[in-house]
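Structure first, commentary second.
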Amino acid sequence: MYGKLSDIFGRKITFLFAIAIFEIGSLLCGIAKDMVSLIIYRAIAGIGGGGIIGLVLIIISDIVSGKDRGKYQGIVGACFGIASVAGPLMGGAFTDHITWRWCFFINIPLGVITILAIIFFLHMKKPTGSLLTKFKRIDFIGISLMISSTVCILLPLNWGGNTYPWDSPVIITLLCIGAAGYVIFGLAECYIVSEPIAPPHLFKKINVVSCFSTSFFQGMVFFSFIFYTPLFFQVVKEDSATQSGLDFMPYILSVVVFSILSGQFFSRTDKVSFRCVTLIASALIIIGAGLSTLWNEKTGYGESIGYMIISGAGIGMSIQSIILGVQGLVEHKDIATVTTLTLFFRSIGAVFGIAISGTVFNNRLSQTLSTLTLPPTFSTNSVYTIRFLPPEIKSLVINAYVLAFQFTFYIIILYSALMLISALFMGNSKPKYNEGDEKHATFE
Numbered sequence: 187m188y189g190k191l192s193d194i195f196g197r198k199i200t201f202l203f204a205i206a207i208f209e210i211g212s213l214l215c216g217i218a219k220d221m222v223s224l225i226i227y228r229a230i231a232g233i234g235g236g237g238i239i240g241l242v243l244i245i246i247s248d249i250v251s252g253k254d255r256g257k258y259q260g261i262v263g264a265c266f267g268i269a270s271v272a273g274p275l276m277g278g279a280f281t282d283h284i285t286w287r288w289c290f291f292i293n294i295p296l297g298v299i300t301i302l303a304i305i306f307f308l309h310m311k312k313p314t315g316s317l318l319t320k321f322k323r324i325d326f327i328g329i330s331l332m333i334s335s336t337v338c339i340l341l342p343l344n345w346g347g348n349t350y351p352w353d354s355p356v357i358i359t360l361l362c363i364g365a366a367g368y369v370i371f372g373l374a375e376c377y378i379v380s381e382p383i384a385p386p387h388l389f390k391k392i393n394v395v396s397c398f399s400t401s402f403f404q405g406m407v408f409f410s411f412i413f414y415t416p417l418f419f420q421v422v423k424e425d426s427a428t429q430s431g432l433d434f435m436p437y438i439l440s441v442v443v444f445s446i447l448s449g450q451f452f453s454r455t456d457k458v459s460f461r462c463v464t465l466i467a468s469a470l471i472i473i474g475a476g477l478s479t480l481w482n483e484k485t486g487y488g489e490s491i492g493y494m495i496i497s498g499a500g501i502g503m504s505i506q507s508i509i510l511g512v513q514g515l516v517e518h519k520d521i522a523t524v525t526t527l528t529l530f531f532r533s534i535g536a537v538f539g540i541a542i543s544g545t546v547f548n549n550r551l552s553q554t555l556s557t558l559t560l561p562p563t564f565s566t567n568s569v570y571t572i573r574f575l576p577p578e579i580k581s582l583v584i585n586a587y588v589l590a591f592q593f594t595f596y597i598i599i600l601y602s603a604l605m606l607i608s609a610l611f612m613g614n615s616k617p618k619y620n621e622g623d624e625k626h627a628t629f630e
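Start counting the sequence shown at 187; every next residue gets the next number (the working numbering).
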């Protein structure tokens, strides 16, 4: 959505709008009086925050030469990786030592500084045309259908197995409505809307669709790792929430380092295709996930670091190869759209990945724990209750969790394999620069 809006209204104003909405939502979250208000305000912040990363990548593709695009997008990818862990760690520190409200208030000064920097230092061309003409170009039908359909898919994926059983009429109905909504969305984009947010011609290119699907599976892998690896440290190694985040840092540092290195690599050579790097990255993720199935209560931290570095390297490399690859497959006028769609598929993949992994984890854990006689004080909703179990029971419970984690990493291996298979169809595109005109890089 933001990609198309930036084409209509201009990058700068759309970027400022996204940050402003995120700031307003963060402020409202910080002053929320009850959970319902917090959820609503968090959704508002999400509406703004959802466009920020995509617009950064789009703006980079506009103002940086094709040769240097990988270098700068590598830095952005590194920032994304750092924020994935730094955010929860800071949030935990604020909650423990100040108040949870500062998890949201901290965004205000940072956002104000960013807005001022954009106003004074980001100079870009503005699209011509009156405001009314621009509003008429907005795909309100597509936006409404995409948002409503996505919500109908995401809610049951989050509720399933927790708030409602998976075979609940509520879950099934919402999934059916969401699926039907996407079908209607596709038909509307093809036959009704004049300027669709998801142009049909992009989905006629197998290479572009492959990049979208590869990004989807990458999201499944990346966020499943982020969710379950710290949980492993909390349960099996008895880490605190903060300590588990610190133990997980090698993974994120690996993502950051290899995101930067791969960006530099693509800026320095045009001999290797984006598909080749993505395939290597997928293979590394498979190896890392496979080794992670060996984790147990006796696994040393050094061994864990090695496994996390391998997986993180694959994720970091693929972040760049997928984005740069899909941008190189389309004309410049479509770069904004394919960039935001690629990030959209990664975000949706994250939700699907965590939901499916969670179902496997919970089912396997429940099956194993059902064979044990546990005290009423024990609850799977709080991993800290494990610490107060009698030693002989505690060992059995930890073994049950280890088995559940192993099955979860088997699922992550499956995600990684699907990512590799999808990457096979990305095509053999690689950077190619017009001699003497680095500011307008083209791709073959």
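Glycine is no exception: its CB is placed at the ideal position from the N, C-alpha and C atoms.
How far does the alpha helix (DSSP H) with residue i in it extend, from its first residue to its last?
i: residue 193; result: 188-195
i: residue 424; result: Per DSSP, residue 424 belongs to no alpha helix (DSSP H) and is neither H nor E.
i: residue 489; result: 487-513
i: residue 368; result: 355-377
i: residue 578; result: 577-609
i: residue 457; result: Taken as a continuous stretch (DSSP letters only), residue 457 belongs to no alpha helix (DSSP H), as it is neither H nor E.
i: residue 529; result: 521-555
i: residue 561; result: Neither: residue 561 is in no alpha helix (DSSP H) and is coded neither H nor E.
i: residue 220; result: That residue, residue 220, is in no alpha helix (DSSP H); it is neither H nor E in DSSP.
i: residue 298; result: 293-307
i: residue 482; result: Neither: residue 482 is in no alpha helix (DSSP H) and is coded neither H nor E.
i: residue 318; result: 317-322
i: residue 389; result: Element bounds for residue 389: n/a, residue is neither H nor E.
Can you tell me the Cα-Cα spacing of residue i and residue j, whole angstroms?
i: residue 351; j: residue 360; result: 13 Å
i: residue 544; j: residue 390; result: 34 Å
i: residue 573; j: residue 477; result: 27 Å
i: residue 396; j: residue 386; result: 15 Å
i: residue 624; j: residue 249; result: Only weak support exists for where residue 624 lies, its pLDDT of 46 falling under 50; the value from the coordinates is given anyway. So the alpha carbons of these two residues sit roughly 11 Å apart.
i: residue 448; j: residue 199; result: 31 Å
i: residue 213; j: residue 293; result: 8 Å
i: residue 216; j: residue 286; result: 8 Å
i: residue 233; j: residue 578; result: 49 Å
i: residue 207; j: residue 227; result: 10 Å
i: residue 280; j: residue 289; result: 6 Å
i: residue 443; j: residue 264; result: 7 Å
i: residue 318; j: residue 602; result: 46 Å
i: residue 305; j: residue 246; result: 16 Å
i: residue 190; j: residue 581; result: 55 Å
i: residue 464; j: residue 609; result: 6 Å
i: residue 193; j: residue 257; result: 24 Å
i: residue 222; j: residue 428; result: 27 Å
i: residue 490; j: residue 481; result: 8 Å
i: residue 310; j: residue 320; result: 18 Å
i: residue 517; j: residue 526; result: 15 Å
i: residue 357; j: residue 450; result: 45 Å
i: residue 307; j: residue 600; result: 45 Å
i: residue 622; j: residue 291; result: Per-residue confidence for residue 622 stands at a pLDDT of 41, beneath the threshold of 50, marking its modelled position as unreliable; the derived number appears in the next sentence. Spanning the two alpha carbons is a distance of roughly 48 Å.
i: residue 532; j: residue 408; result: 9 Å
i: residue 353; j: residue 346; result: 8 Å
i: residue 551; j: residue 274; result: 26 Å
i: residue 231; j: residue 558; result: 44 Å
i: residue 269; j: residue 424; result: 24 Å
i: residue 224; j: residue 295; result: 20 Å
i: residue 594; j: residue 266; result: 24 Å
i: residue 571; j: residue 486; result: 23 Å
So, under 8 Å CB-CB, residue i and residue j are touching, yes? Tell me the CB distance rounded to an integer number of Å.
i: residue 535; j: residue 403; result: 6 Å
i: residue 410; j: residue 419; result: Not confirmed; about 15 Å, so no contact.
i: residue 586; j: residue 555; result: 5 Å
i: residue 243; j: residue 201; result: The Cβ separation is near 11 Å, so there is no contact.
i: residue 302; j: residue 524; result: Not confirmed; about 30 Å, so no contact.
i: residue 588; j: residue 422; result: 6 Å
i: residue 187; j: residue 383; result: 5 Å
i: residue 393; j: residue 611; result: 7 Å
i: residue 615; j: residue 459; result: 6 Å
i: residue 371; j: residue 328; result: 6 Å
i: residue 467; j: residue 500; result: 4 Å
Taking the CB atoms as reference points, tell me whether residue i and residue j lie closer together than 8 Å.
i: residue 495; j: residue 436; result: yes
i: residue 547; j: residue 406; result: no
i: residue 415; j: residue 596; result: no
i: residue 335; j: residue 368; result: yes
i: residue 438; j: residue 261; result: no
i: residue 344; j: residue 541; result: yes
i: residue 454; j: residue 613; result: no
i: residue 313; j: residue 196; result: yes
i: residue 475; j: residue 598; result: yes
With a cut-off of 8 Å, does the C-beta of residue i fall near any C-beta of chain B?
i: residue 198; result: The structure shown has no chain B; it contains just one protein chain.
Practice task
Answer yes if the segment 377-385 comes into contact with the segment 507-518, meaning at least three C-beta pairs across the two stretches below 8 Å, and no otherwise.
Solution key: These segments do not touch.
Problem - Inter-stretch contact at 8 Å, needing at least 3 Cβ pairs: the segment 461-474 / the segment 500-508 - result: Contact between the segment 461-474 and the segment 500-508 is established, with three or more Cβ pairs separated by less than 8 Å.
Handout entry: At least three beta-carbon pairs within less than 8 Å, the segment 336-345 to the segment 360-373
Key = These segments touch.
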